[in-house]
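Engineer:
There are 2 protein chains.
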Amino acid sequence: MALSEIETGRHRRANRSSVSPDILATRTKRMSASAIREILKVASQPGVISLAGGLPAPESFPVKFMPEVFAGALEKYGSSVFQYGPTEGFPPLRETIATYLSDRGVIATSDQVIITTGSQQTLDAIGKVLISPGDKIAVETPTYLGAISAFNPYEPCYIALESDDDGVIPESLEEVLSEHTVKFVYLIPNFQNPSGRTIPSERRTAIAATAMKHNVIVIEDDPYRSLRYEGYHLPTLWSLAPDNVIYAGTLSKVLSPGMRIGFCVAPSLIRQWMVLAKQGIDLHTSSLDQAVASEYISEGYLKRHLPSIVDLYRPRLKAMLTALENNLPEGFSWSRPEGGMFLWLTGPDELDTEKLYPEAVKNKVAYVPGRYFFTCPGVGNNTMRLNFSNVDEESIARGIELLASLMVEER
Amino acid sequence: MALSEIETGRHRRANRSSVSPDILATRTKRMSASAIREILKVASQPGVISLAGGLPAPESFPVKFMPEVFAGALEKYGSSVFQYGPTEGFPPLRETIATYLSDRGVIATSDQVIITTGSQQTLDAIGKVLISPGDKIAVETPTYLGAISAFNPYEPCYIALESDDDGVIPESLEEVLSEHTVKFVYLIPNFQNPSGRTIPSERRTAIAATAMKHNVIVIEDDPYRSLRYEGYHLPTLWSLAPDNVIYAGTLSKVLSPGMRIGFCVAPSLIRQWMVLAKQGIDLHTSSLDQAVASEYISEGYLKRHLPSIVDLYRPRLKAMLTALENNLPEGFSWSRPEGGMFLWLTGPDELDTEKLYPEAVKNKVAYVPGRYFFTCPGVGNNTMRLNFSNVDEESIARGIELLASLMVEER
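If you want it as structure tokens, here you go:
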């Protein structure tokens, strides 16, 4: 495995095919194979303790209830679960999600909810209707790679917002919005992927005020909210600035990522264009999956099952924090999230986590080098993302121990 | 209902929202609400015989087998049906589809099959990786509106290929490809939507030869192939020019459109870029739906159930052909498809099917005015698309009778 190969993929591909690469659209210059994808392939070799992935634990899925939920959906909705449906979403699910969101201070009627094919599609549709080539988008540092891969084909420029352990620094947002015309700001306020950090309440208020002052749209991507193991839920940005926020959620972390159900609430003009875009993208999200999801939430399965997911992940997070504490010397620091699936590790300046990666895999432990999560090159070389949701406590302890000994050796 | 309102939607939307329309990407200028969508809304009013839709009949869905299929998939694939999966598709389904396609002369290994979220997504992904703004695409006249709505956001120009009752005229294709650099040619060779026509064998050979000569890519969109009620299957374009054809199929017409399962086989360079694009679009198609689809095909349900779908639609097509024969005077002509879901009617030059539409709905019958299926304005005003799959024989007879009396009156 040579990471450099990933970057030359464009040329390697061309040589393997009789179709000339001239056929490709100019926007493909901005698209490249996700490095994480290659990292994950290596990480999934047998015997490797993978702290690299971003998967929910399979034991968190409500497999045993599903035949019952499926039968219930079939009985309730009949053949409509197999028929074409409205682009905006399966009406009973839109209704269910509207109610579900009210607990988060996202107060929307079912008409204001769009169901998407996972939150990845929410981001693609937003990109399609909002980004003209060259438009500026403000993002956190580090930021979520899936968002970058959704936006890149629409050829934006990224402006990195200064961030610390509490996420985006409101003054940096103010400065950027004063100096630049920004199409939107993209944030994950809760247990961010990759950093695990959460924006505190006062900062949320400041961010919302700044967005309103500059009349800019903020995408609030909120996949991990329900996975809170300690502390209290914080107000959504949507609840603080509803006219300026596109709220994006998903059932991937609380039901099943394989079912690809996302949802979003957006200002009316943007929502209507997103629906128009979605018509051309995939007509509508699977009626079957939407019916099953609607049954799962409306019949109380989600509410009954969620605590068991939280109880599964809480000790894993704790195990990882303990192992880091026990194994890493001075010069290393890490985030201490109260939820989510990831934790962010920063080593001494001389640590190069990408260079270390092949060695780590040889020693049967994998992670994601942090540099992939930055939009500017040359940053984050001494950082890494660690996942704790899909590994049991014992393997976490062993994995961190292995990793620590490699990193300390490296010094 | 005023059709003109649809076209001014852009402005109406702006006035209903506090977000300024300046925020929209420039490509949205090419996106507009599908007129068919508005037509269908009106057509679905109670009491209206709708020959407008493009829906499979709900009684064609294998509802009664589905709990069994679902249980089988769950038993066979376990929790993987709820987990994230590979962007290219759920491995067992790729395997199943590769076998399924061999009957069509599309000879591919499972590695060469991409599973998509319906063939609408196949078209979106193709557009994303191949179309730069201003690129030329050659299409049939009339052509499929869903393809136009997938391609439009990527801002192509359309070149209309001359077509007759047998589809695209190969000489016109030769002429266009000699005069223009065309990114790809988009064709539906079997029972085309909207015209119902099928390209005969000799023409397929000529089209394949022309594509190879000019080294141009042809998208062969083939949703209706299995819905053949008379005659024999014709060779796919893919089987005649595999290096030049992207073959796009779907389970929407033989299993369920609500499940959103499409598939495609494309030249290697294009396939790899489509996978890269799909990562950013929706990560992957629903694992649950893919597992159910795989079980449905591999366990023989599809093969056993398909004849009942054909037997359901065959008399409906016959009823429509008979009703047209019995009710329309000289000056009207229509396609006589041997399969599919649609039939194309052409009236005398003075007929204006769009103008007639509100009157028709008032008289409780609906269709789609033909002009929407042409990429150039001012063409097809005397044509209409008629659907026969989702209406029983009696209603078809009554609907055509109503429609005929209105059209004859109009003269």
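Heads up: the protein sequence lines correspond to chains W and P, in order.
For what it's worth, the numbering used here labels the leading residue of the first sequence as 1, then goes sequentially.
For what it's worth, the numbering used here labels the leading residue of the second sequence as 412, then goes sequentially.
Ideal Cβ positions, reconstructed from N, Cα and C, are used throughout, including at glycine.
Measuring CB to CB, does valine 275(W) end up less than 8 Å from glycine 669(P)?
Structural biologist: For the purposes of this step, residue 275(W) is taken as residue 275 along the first sequence, with counting starting at 1. For the purposes of this step, residue 669(P) is taken as residue 258 along the second sequence, with counting starting at 1. Against a cut-off of 8 Å, the Cβ pair of glycine 669(P) and valine 275(W) comes out as no contact.
Engineer: From the beta carbon of phenylalanine 65(W), is the nearest beta carbon of chain P less than 8 Å away?
Structural biologist: Reading the first sequence from its first residue, position 65 is the one you call residue 65(W). For phenylalanine 65(W), the answer is no, since every Cβ of chain P falls outside 8 Å of its Cβ.
Engineer: Short check: CB of alanine 147(W) to CB of aspartate 221(W), under 8 Å?
Structural biologist: Counted from its first residue, the first sequence places residue 147(W) at position 147. Counted from its first residue, the first sequence places residue 221(W) at position 221. Yes. Within cutoff.
Engineer: Say whether the region 242-260 of chain W touches the region 313-330 of chain W, bearing in mind that this needs 3 or more beta-carbon pairs closer than 8 Å, one atom from each stretch.
Structural biologist: no
Engineer: First and last residue of the alpha helix (DSSP H) that includes glutamate 770(P)?
Structural biologist: Taking the first residue of the second sequence as 1, we reach residue 770(P) at position 359. First-last of the alpha helix (DSSP H) with glutamate 770(P): 764-773.
Engineer: If you reduce the DSSP assignment to three classes, tell me which class valine 408(W) lands in.
Structural biologist: Position 408 of the first sequence, counted from the first residue, corresponds to residue 408(W). In the structure shown, valine 408(W) sits in a helix (DSSP, three-state: H, G or I).
Engineer: Can you grab the Cα-Cα spacing for the pair serine 746(P) / leucine 754(P), in whole Å?
Structural biologist: Locating residue 746(P) in the second sequence gives position 335, counting from the first residue. Locating residue 754(P) in the second sequence gives position 343, counting from the first residue. C-alpha separation (whole angstroms): 6 Å.
Engineer: Which residues of chain W have a Cβ atom closer than 7 Å to the Cβ of valine 492(P), listed in chain order?
Structural biologist: By 1-based counting over the second sequence, the position of residue 492(P) is 81. Ordered by position in chain W, the residues that pass the 7 Å Cβ test against valine 492(P) are Gly258.
Engineer: Applying a beta-carbon distance threshold of less than 8 Å, which residues of chain W neighbour phenylalanine 472(P)?
Structural biologist: Residue numbering aside, residue 472(P) sits at position 61 when the second sequence is read from its first letter. The contacting residues are Ser79, Phe82, Gln83.
Engineer: Among Val19(W), Trp238(W), Leu283(W), whose alpha-carbon lies nearest the alpha-carbon of alanine 561(P)?
Structural biologist: To locate residue 561(P), count along the second sequence from 1; it is residue 150. Answer by Cα proximity: Leu283(W).
Engineer: Suppose you measure from the CA of leucine 51(W) to the CA of proline 467(P); what does that come to, to the nearest Å?
Structural biologist: What you label residue 51(W) is simply residue 51 of the first sequence in a count that begins at 1. What you label residue 467(P) is simply residue 56 of the second sequence in a count that begins at 1. C-alpha separation (whole angstroms): 46 Å.
Engineer: What in chain P is Cβ-close to tryptophan 273(W), meaning under 8 Å?
Structural biologist: Here residue 273(W) is taken as the residue at index 273 of the first sequence, counted from 1. The contacting residues are Arg424, Leu435, Thr439, Met442.
Engineer: Threonine 527(P) lies in the beta strand (DSSP E); which residues open and close that run?
Structural biologist: If you number the second sequence from 1, residue 527(P) lands on position 116. Run containing threonine 527(P): 524-527, per the beta strand (DSSP E) assignment.
Engineer: Should glutamate 551(P) go down as buried or exposed, given a rule of 16 or more other Cβ atoms within 10 Å for buried?
Structural biologist: Translated into positions along the second sequence, residue 551(P) becomes position 140. Buried, by the Cβ-count rule.
Engineer: So, using beta-carbon positions, are alanine 25(W) and tyrosine 565(P) closer together than 8 Å?
Structural biologist: If you number the first sequence from 1, residue 25(W) lands on position 25. If you number the second sequence from 1, residue 565(P) lands on position 154. Cβ distance < 8 Å, so alanine 25(W) and tyrosine 565(P) count as in contact.
Engineer: So, at 7 Å on beta carbons, what are the nonlocal neighbours of leucine 93(W) in its own chain, with the 5 sequence-adjacent residues on each side left out?
Structural biologist: On the first sequence, position 93 is the one that residue 93(W) refers to. Hits under 7 Å: Ile115, Gln290, Ala293, Ser294.
Engineer: At which residue ranges does the region 167-241 of chain W contain complete alpha helix (DSSP H) runs of 4 or more residues, listed in the order of the chain?
Structural biologist: 170-179, 201-213, 237-240
Engineer: Run down chain P in chain order and give the residues with a C-beta less than 7 Å from the C-beta of threonine 117(W).
Structural biologist: For this step, residue 117(W) is matched to residue 117 along the first sequence. Ordered by position in chain P, the residues that pass the 7 Å Cβ test against threonine 117(W) are Thr528, Asp693.
Engineer: Can you find the residues in the same chain that come closer than 8 Å, C-beta to C-beta, to aspartate 381(P), ignoring five residues on each side of it along the sequence?
Structural biologist: No statement about residue 381(P) is possible, as the shown extent of chain P runs from 412 to 822 and does not include it.
Engineer: What is the C-beta distance between proline 457(P) and serine 79(W), in whole angstroms, given that I count them as a contact (C-beta under 8 Å)?
Structural biologist: In the second sequence, residue 457(P) corresponds to position 46, counting from 1. In the first sequence, residue 79(W) corresponds to position 79, counting from 1. Not quite, the Cβ-Cβ distance comes to about 19 Å (not below 8 Å), so this is no contact.
Engineer: If contact means a Cβ-Cβ distance below 7 Å, which residues of the region 449-466 of chain P contact chain W?
Structural biologist: Flagged, chain order: Leu466.
Engineer: Okay, do the region 569-578 of chain P and the region 604-613 of chain P touch, 3+ Cβ pairs below 8 Å being the bar?
Structural biologist: yes
Engineer: What distance in whole Å lies between the Cβ atoms of glycine 516(P) and proline 646(P), which are believed to be in contact at a cut-off of 8 Å?
Structural biologist: Residue 646(P) sits at position 235 when you count from the first residue of the second sequence. Residue 516(P) sits at position 105 when you count from the first residue of the second sequence. Their Cβ separation, rounded to whole angstroms, is 6 Å, which keeps proline 646(P) and glycine 516(P) in contact under 8 Å.
Engineer: With DSSP as the reference, label valine 453(P) as helix, strand or coil.
Structural biologist: The residue labelled residue 453(P) in the question sits at position 42 within the second sequence. Helix, per DSSP.
Engineer: Chain P partners of alanine 71(W), CB-CB under 9 Å?
Structural biologist: Looking up residue 71(W) in the first sequence gives position 71. By Cβ distance, chain P contributes Pro478, Phe481.
Engineer: Alpha carbon to alpha carbon, how far is glycine 347(W) from asparagine 390(W)?
Structural biologist: Numbered from 1 along the first sequence, position 347 holds the residue referred to as residue 347(W). Numbered from 1 along the first sequence, position 390 holds the residue referred to as residue 390(W). Computed Cα separation, rounded: 23 Å.
Engineer: Pick out whichever of Lys440(P), Thr733(P), Leu767(P) has its Cα sitting closest to the Cα of proline 567(P).
Structural biologist: As a first step, residue 567(P) is located in the second sequence; it is residue number 156 there, counting from the start. Considering only alpha carbons, the answer is Lys440(P).
Engineer: Closest to aspartate 546(P) by C-alpha separation, out of Gln532(P), Leu534(P), Leu728(P), Ile570(P), would be which residue?
Structural biologist: Stepping through the second sequence from its first residue, residue 546(P) is reached at position 135. For the residues Gln532(P), Leu534(P), Leu728(P), Ile570(P), the minimum Cα distance to aspartate 546(P) belongs to Ile570(P).
Engineer: Within 8 Å of any Cβ in chain W, is that where the Cβ of proline 678(P) sits?
Structural biologist: In the second sequence, residue 678(P) corresponds to position 267, counting from 1. Closer than 8 Å to some Cβ of chain W, the Cβ of proline 678(P) qualifies, so yes.
Engineer: Taking all protein chains shown into account, do 16 or more other C-beta atoms lie within 10 angstroms of the C-beta of threonine 181(W), making it buried, or fewer, making it exposed?
Structural biologist: Reading the first sequence from its first residue, position 181 is the one you call residue 181(W). A residue is called buried when at least 16 other Cβ atoms come within 10 angstroms of its Cβ; threonine 181(W) does not meet this threshold and is exposed.
Engineer: Hey, how far is the Cα of leucine 813(P) from the Cα of asparagine 774(P)?
Structural biologist: Residue numbering aside, residue 813(P) sits at position 402 when the second sequence is read from its first letter. Residue numbering aside, residue 774(P) sits at position 363 when the second sequence is read from its first letter. Going from the Cα of leucine 813(P) to the Cα of asparagine 774(P) covers about 7 Å.
Engineer: Quick check on DSSP: helix, strand or coil for arginine 515(P)?
Structural biologist: As a first step, residue 515(P) is located in the second sequence; it is residue number 104 there, counting from the start. DSSP places arginine 515(P) in coil when its eight states are reduced to three.
Engineer: Quick one: what does DSSP say threonine 383(W) is sitting in, helix, strand or coil?
Structural biologist: The residue you call residue 383(W) lines up with position 383 of the first sequence. Here threonine 383(W) sits in strand by DSSP.
Engineer: Run through chain P and tell me which residues come within less than 8 Å of asparagine 152(W), C-beta to C-beta.
Structural biologist: Residue 152(W) sits at position 152 when you count from the first residue of the first sequence. Chain P residues near asparagine 152(W): Gly691.
Engineer: So, at 8 Å on beta carbons, what are the nonlocal neighbours of alanine 397(W) in its own chain, with the 5 sequence-adjacent residues on each side left out?
Structural biologist: Taking the first sequence and counting its residues from 1, one reaches residue 397(W) at position 397. The answer, listed in chain order, is Ala319, Thr322, Ala323.
Engineer: Taking the alpha-carbon positions, what's the phenylalanine 65(W) to serine 816(P) distance?
Structural biologist: Position 65 of the first sequence, counted from the start, is the residue given in the question as residue 65(W). Position 405 of the second sequence, counted from the start, is the residue given in the question as residue 816(P). Approximately 56 Å between the Cα atoms of the pair.
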